[in-house]
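Enquirer:
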Amino acid sequence: MKVSFILNGKPEKADERAGTTLFDYLRAQGLFSVKYGSDRGETGADSVLIDDKIYNSSLLLLYRLENKSVVTLEYFSSGTGIHPLQAAFINEGAIQCGYCTPGLILAAEALLKRVSAPSELEVRQALAGVYCRCTGYVKPIKAVMKYSGSEL
Amino acid sequence: MKIVGRKTARVDGLALAKGKAVFADDISQKDILYAKFLFSPLAHAKIKSINIKQALALKGVAAILTFKDFPVKYYTTAGQGYPEPSPKDYRIFDDKVRYVGDRVAVAAAESLEIAEAALKLIKVEYEKLPANFDLEKAMDSKVVLHPEKGKTFIFNARKNISANIEAEVGNVEKGLADSKYVFTQRYFTPYVQQAAIEPHITRTWLDENDRLIIRTATQVPFHVRRIVADVLDIPVRKIRVIKPRLGGGFGGKQEILNEEVCAALTLKTGRPVRLEFTREEEFIAARSRHAQFVEFTLGLDEDLKIRAIDLKILQNSGAYGPHALTVMSVTASKSLALYKSPNVRIRADSVYTNLPPAGAYRGYGAPQGFFALESLMDEIAHELGLDPLELRLKNYYKKGDKIAIAEVLGEGREGYPVILKTTGIRQCIKTGRKLIDWPNVQNSKNQGSIRRGLGVATVAQGSGIAGIDMGSASIKMNEDGSFNLHVGAADLGTGSDTALAQIAAEVLEVPIHKIIVYSADTDHTPFDTGAYASSTTYISGNAVKKAALKIRKIILEQGVKILGIEKAGLKNGLVTGADGKSITYAEICTKSFYTDFQLQIQASASHLSYDSPPPYNATFADVSVDIETGFVTVHKIVSVSDGGRIINPQMAEGQAEGAIPQSLGFALSEFMVFDKFGRIINRDFENYHIFTAIDMPEIIVKFVHTNEPSGPFGAKAVAEIPIIGPAPAIANAIFKACGARIRELPITPEKILKELRRNQKKKSEARSQISEVRGKKKSIVRSKKLVEEFFLSIRCTLMTFVNS
Chain A
5 MKVSFILNGK
15 PEKADERAGT
25 TLFDYLRAQG
35 LFSVKYGSDR
45 GETGADSVLI
55 DDKIYNSSLL
65 LLYRLENKSV
75 VTLEYFSSGT
85 GIHPLQAAFI
95 NEGAIQCGYC
105 TPGLILAAEA
115 LLKRVSAPSE
125 LEVRQALAGV
135 YCRCTGYVKP
145 IKAVMKYSGS
155 EL
Chain B
2 MKIVGRKTAR
12 VDGLALAKGK
22 AVFADDISQK
32 DILYAKFLFS
42 PLAHAKIKSI
52 NIKQALALKG
62 VAAILTFKDF
72 PVKYYTTAGQ
82 GYPEPSPKDY
92 RIFDDKVRYV
102 GDRVAVAAAE
112 SLEIAEAALK
122 LIKVEYEKLP
132 ANFDLEKAMD
142 SKVVLHPEKG
152 KTFIFNARKN
162 ISANIEAEVG
172 NVEKGLADSK
182 YVFTQRYFTP
192 YVQQAAIEPH
202 ITRTWLDEND
212 RLIIRTATQV
222 PFHVRRIVAD
232 VLDIPVRKIR
242 VIKPRLGGGF
252 GGKQEILNEE
262 VCAALTLKTG
272 RPVRLEFTRE
282 EEFIAARSRH
292 AQFVEFTLGL
302 DEDLKIRAID
312 LKILQNSGAY
322 GPHALTVMSV
332 TASKSLALYK
342 SPNVRIRADS
352 VYTNLPPAGA
362 YRGYGAPQGF
372 FALESLMDEI
382 AHELGLDPLE
392 LRLKNYYKKG
402 DKIAIAEVLG
412 EGREGYPVIL
422 KTTGIRQCIK
432 TGRKLIDWPN
442 VQNSKNQGSI
452 RRGLGVATVA
462 QGSGIAGIDM
472 GSASIKMNED
482 GSFNLHVGAA
492 DLGTGSDTAL
502 AQIAAEVLEV
512 PIHKIIVYSA
522 DTDHTPFDTG
532 AYASSTTYIS
542 GNAVKKAALK
552 IRKIILEQGV
562 KILGIEKAGL
572 KNGLVTGADG
582 KSITYAEICT
592 KSFYTDFQLQ
602 IQASASHLSY
612 DSPPPYNATF
622 ADVSVDIETG
632 FVTVHKIVSV
642 SDGGRIINPQ
652 MAEGQAEGAI
662 PQSLGFALSE
672 FMVFDKFGRI
682 INRDFENYHI
692 FTAIDMPEII
702 VKFVHTNEPS
712 GPFGAKAVAE
722 IPIIGPAPAI
732 ANAIFKACGA
742 RIRELPITPE
752 KILKELRRNQ
762 KKKSEARSQI
772 SEVRGKKKSI
782 VRSKKLVEEF
792 FLSIRCTLMT
802 FVNS
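If you read the protein sequences in the order shown, they are chains A and B. Yeah, the first sequence ends on 156 if you go by the numbering used here, and it's all consecutive. Yeah, the second sequence ends on 805 if you go by the numbering used here, and it's all consecutive.
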């Protein structure tokens, strides 16, 4: 089965057997920012952006991606550069173990693509699909608010 | 101080923010095998026969292991100091299964799908044995879980008692007889899980010298090495354990949960093997918090001073006993280290049942003990018509007091005397009550069926295990004036690498980026007991400080020699003589390598403490209860801790902010539900509710400052203390709001409604003659009843053996 899509800005032609999930495909490509948290996507550790919206990669079969654009956290900081949202997470102490961090940053990015200055409630709603067991979400919420200029 | 006590970005922050490949599973390996367990579907059974022929014949299957592949050898999966204080009642694979989720076999295959298919082809014939799920009946049950000979350190196998504690200071019977008031109450806390987002994951392979490499998500790399060597009977020198970044642990990874099996598969096949738990498997077969019945009896004199505390614990070990003794011991030693009492007694039993074995979970017994103690303190205050804080403030241990219980209760053996050098509990209360506006919020915001209330709980923990926890550090210098800091301490996401780097940087007077931290790898980092018992900052931090002080001394000596002067001082990364002549670290190290008085500037140090200074915390909760539905909303949690001198304020805040939702879950939404066959029902996050970003109340975290003389730069621990207070504070706030006293966690709407109905009944009985009031309230009662019936119907489907 051949699927053509854009992966982190570059055209990708996947030749995978039917039933392969996007999650399995990405990890096999060495895109390790996409994490396993659960089988049914509850934790959101497997988050990716597809056409700027957030999705659970483990719930998506590869064939659904034809002509779509898939972004993982790796795309945010090619080389030594760093995205200001990532910098905000570091500065605000929003990272503890860091396992959920890719999902949280992608969830925030998906929100900020829709709403430039979100309210705290909107940030909470946007991050609610990504589980974090370390931070209590206090600092991740703060990081997103600071980055978007809507200080708490 | 320049670095300690200040905001410092995490040393691993950049890599984690970029989603770099830093976790155990983030490597690509050729020729890898995927392993999968076959777990027992039965709670108690003898394996009459097991046939793997067909499974092995499946194309792509490389190995299948069962009990037949291993000699009988009992050990404990608990990653603790040696000899472990947990019973040795576990076999890598056994011909008997004792809970749904017990290991039956493991398959390794070219893909996960093939491994799964192979498991289906394994033919197991079970002889079903009667099972017992009832904690309270375990001791007298005919179901005996561990009758086998050769198991050691089980307190009383015939009575299913995995561990027992009997200890007394003073004379409790006399103390109670002398008391003016005596209160007694029993509480229950259920099975809950650590729920780290990264599951248990291990990869093993043989290196070019045929040494066994174990790359695993563990909090205890050195215990993994020791236990795997013991179980598989291979020398320690043949094993290297690598702990990469961890995706959270919270005690769940203080366990040898799959490393020995993964290793056995690699040894059998010679190939790399990957063994990862699915989320469902985490719930079925990983560890959890011990369920406990905790009964406190408190005697108070006429001045409301505590005369005697009598503590009884009945704990559910589950099918095996990892951490059974020590968790109960912590329940006792922490809850008895807060209030001063001349007479204290502990009688505790941990019993085997055919449910999953519990283990270590952040707080380690203290959350169970303090839920009971702090609920009871609240009940007493209410009974006597006192402010809940007033009663507590009369009874705290003070600076200079000897904590009586510490001497008789250590980790599975006698402990060491603790004289309290610092306590900030009073400042914690002072700060917290202002932030929550105690007690003014009470009842001022009642509207319709909504009742608002404030609650408080004050708690204590320890800093490391006295006389047992040992950490070490080694530091070597590089020619650009940077330092490699190697520690065995296992950063599990807490940020301990950063805190330890700060301590080294402070002593060496260099910016933090000059410290390159590596943790932990049994080949390259010195020994550390591991990341548990709130020990890393306090114990390993002291080791780092000692090693850095040694390095400082060597740098100065080399500098003086190179400068050719008599005396010099060290400041700001320079060695400067009296004449003003100075030399940089980089120059000293470069010359020490190549030209002058050549040597590698390096040092190592270890640290052990016979002290375990308690951090303290006061947690305040502002909640409202809808008395129509029983639904609880937590509006605000204020958590104020005394963690001594705080090494990294931002990270310490993060520890508390993250601990609070775990305790909110413990209080309100998390519990593992078992059906009548002992199978866990809620085995995913759709049905096991942890708090998400949208569920979180307002969180305010503060620290008060004390200066612990035995800690590095005055530090005590901060990681576990904030998880203890929220649950009892919420329970107390719920009582204050609506009068429902719930003594069994989690506090679900149906429990509240049941209690409200009971209160209502008591009231209406008292006023049965005033019939017109009852007439008016009829409609409310009816709608409440509908809601209750709804919740009762849910409860029927989620009936738990642990709770009933």
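Glycine included, each C-beta is placed from N, C-alpha and C at the ideal position.
What whole-angstrom Cβ distance do residue 273 of chain B and residue 32 of chain B have, given they're in contact under 8 Å?
Expert: Indeed, because the Cβ distance is near 6 Å, the residues count as touching under 8 Å.
Enquirer: Contact defined as beta carbons within less than 8 Å: I believe residue 649 of chain B pairs with residue 496 of chain B. What is the distance between those atoms, to the nearest angstrom?
Expert: Right, their Cβ atoms sit about 7 Å apart.
Enquirer: Would you mind listing the beta strand (DSSP E) stretches within the segment 498-581 of chain B that are 3+ residues and don't spill past its ends, in chain order?
Expert: DSSP runs (the beta strand (DSSP E)) wholly in the segment 498-581 of chain B: 516-519, 569-572 and 575-578.
Enquirer: Between B:506, B:14, B:409 and B:532, which lies nearest to residue 224 of chain B when the distance is taken from Cα to Cα?
Expert: For residue 224 of chain B, the nearest C-alpha among the options comes from B:532.
Enquirer: Determine the direct distance from the alpha carbon of residue 379 of chain B to that of residue 526 of chain B, and round the result to whole angstroms.
Expert: Looking at the two C-alpha atoms, the distance is approximately 48 Å.
Enquirer: Could you tell me whether any Cβ in chain A is nearer than 8 Å to the Cβ of residue 622 of chain B?
Expert: Judged by the 8 Å Cβ criterion, residue 622 of chain B is not in contact with chain A.
Enquirer: Measuring straight from C-alpha to C-alpha, what distance separates residue 356 of chain B and residue 70 of chain A?
Expert: Cα to Cα, the separation comes out at about 47 Å.
Enquirer: With three or more beta-carbon pairs closer than 8 Å as the criterion, would you say the segment 688-705 of chain B touches the segment 403-420 of chain B?
Expert: Not touching, per the Cβ criterion.
Enquirer: Quick one: which residues of the segment 185-216 of chain B get their C-beta closer than 9 Å to a C-beta of chain A? List them in chain order.
Expert: Taking 9 Å as the Cβ-Cβ cut-off against chain A, the residues of the segment 185-216 of chain B that qualify are 195, 196, 197, 198, 199, 200 and 202.
Enquirer: In chain order, what residues of the same chain lie with their CB nearer than 7 Å to the CB of residue 546 of chain B, ignoring the 5 residues before and after it?
Expert: Excluding sequence neighbours, residue 546 of chain B sits near 504, 508 and 713.
Enquirer: Would you say the beta carbon of residue 183 of chain B comes nearer than 7 Å to a heavy atom of the ligand NAD?
Expert: Summarising the ligand content, the structure contains no ligands, and the ligand NAD is consequently not present.
Enquirer: Quick one: what's residue 206 of chain B bridged to in DSSP?
Expert: According to DSSP, residue 206 of chain B bridges with B:214.
Enquirer: At the level of alpha carbons, what is the spacing between residue 254 of chain B and residue 541 of chain B?
Expert: Those two C-alpha atoms are separated by around 19 Å.
Enquirer: If you measure from the beta carbon of residue 651 of chain B to each beta carbon in chain A, is any gap under 8 Å?
Expert: Output row for residue 651 of chain B: interface = yes.
Enquirer: Taking DSSP as the reference, what is the three-state secondary structure of residue 609 of chain B?
Expert: Reduced to three states, the DSSP call for residue 609 of chain B is strand.
Enquirer: Please list, in chain order, all residues of the same chain as residue 37 of chain A whose beta carbon is under 8 Å from its beta carbon, the five residues on each side excluded.
Expert: 76, 77, 78 and 106.
Enquirer: Between A:103, A:153 and A:61, which lies nearest to residue 25 of chain B when the distance is taken from Cα to Cα?
Expert: Nearest option by C-alpha distance: A:103.
Enquirer: Tell me, please, whether the CB atom of residue 555 of chain B is closer than 8 Å to any CB atom in chain A?
Expert: Chain A contact via Cβ: absent.
Enquirer: Listing by chain order, which chain A residues have their CB less than 9 Å from the CB of residue 685 of chain B?
Expert: Within chain A, the residues near residue 685 of chain B are 42, 43, 44 and 46.
Enquirer: Could you tell me the distance, in whole angstroms, from the CA atom of residue 722 of chain B to the CA atom of residue 618 of chain B?
Expert: So the alpha carbons of these two residues sit roughly 7 Å apart.
Enquirer: Quick check: the Cα distance between residue 262 of chain B and residue 750 of chain B, rounded to an integer number of angstroms?
Expert: Distance between the alpha carbons of residue 262 of chain B and residue 750 of chain B is about 43 Å.
Enquirer: Under 8 Å, do residue 745 of chain B and residue 189 of chain B count as touching if we go by C-beta distance?
Expert: Taking 8 Å as the Cβ cut-off, residue 745 of chain B and residue 189 of chain B qualify as a contacting pair.
Enquirer: Is any beta-carbon of chain B found at less than 8 Å from that of residue 151 of chain A?
Expert: Output row for residue 151 of chain A: interface = no.
Enquirer: Using a C-beta cutoff of 8 Å, does residue 131 of chain A count as contacting chain B?
Expert: It does: the Cβ of residue 131 of chain A has a partner Cβ on chain B nearer than 8 Å.
Enquirer: Expressed to the nearest angstrom, what Euclidean distance is found between the alpha-carbon atoms of residue 739 of chain B and residue 382 of chain B?
Expert: Looking at the two C-alpha atoms, the distance is approximately 16 Å.
Enquirer: Under 8 Å, CB to CB, which of the residues in the segment 65-82 of chain A have a partner in chain B?
Expert: From the segment 65-82 of chain A, only 76, 77, 78, 80 and 81 have a Cβ closer than 8 Å to chain B.
Enquirer: Extract the residue ranges of the alpha helix (DSSP H) inside the segment 103-142 of chain A, only unbroken runs of 4 or more that lie entirely within it.
Expert: Here the runs fully enclosed are 105-118 and 124-131.
Enquirer: Taking buried to mean at least 16 other C-beta atoms within 10 Å of its own C-beta, is residue 11 of chain B buried or exposed?
Expert: Per the 10 Å Cβ criterion, buried.
Enquirer: At a cut of 8 Å, does the segment 45-57 of chain B reach the segment 114-125 of chain B through at least three beta carbon pairs?
Expert: Cβ pair count under 8 Å is three or more, so yes.
Enquirer: In chain order, what residues of the same chain lie with their CB nearer than 6 Å to the CB of residue 482 of chain B, ignoring the 5 residues before and after it?
Expert: Around residue 482 of chain B: 586 and 587.
Enquirer: Roughly how many whole angstroms lie between the Cα atoms of residue 73 of chain B and residue 92 of chain B?
Expert: Each residue's Cα considered, the two are about 7 Å apart.
Enquirer: From residue 206 of chain B to residue 214 of chain B, what does the alpha carbon distance come to, in whole angstroms?
Expert: Straight-line Cα distance between these residues: approximately 5 Å.
Enquirer: Give a yes or no on whether 8 Å exceeds the smallest Cβ distance from residue 19 of chain B to chain A.
Expert: Yes, residue 19 of chain B counts as interfacial toward chain A.
Enquirer: Classify residue 63 of chain B as helix, strand or coil using the three-state DSSP reduction.
Expert: Strand at residue 63 of chain B.
Enquirer: Using a Cβ cut-off of 7 Å, pull out every chain B residue sitting near residue 37 of chain A, in sequence order please.
Expert: Under the 7 Å cutoff, chain B gives 20.
Enquirer: Rounded to a whole number of angstroms, what is the C-alpha to C-alpha distance between residue 537 of chain B and residue 9 of chain B?
Expert: When rounded, the distance between both Cα atoms is 18 Å.
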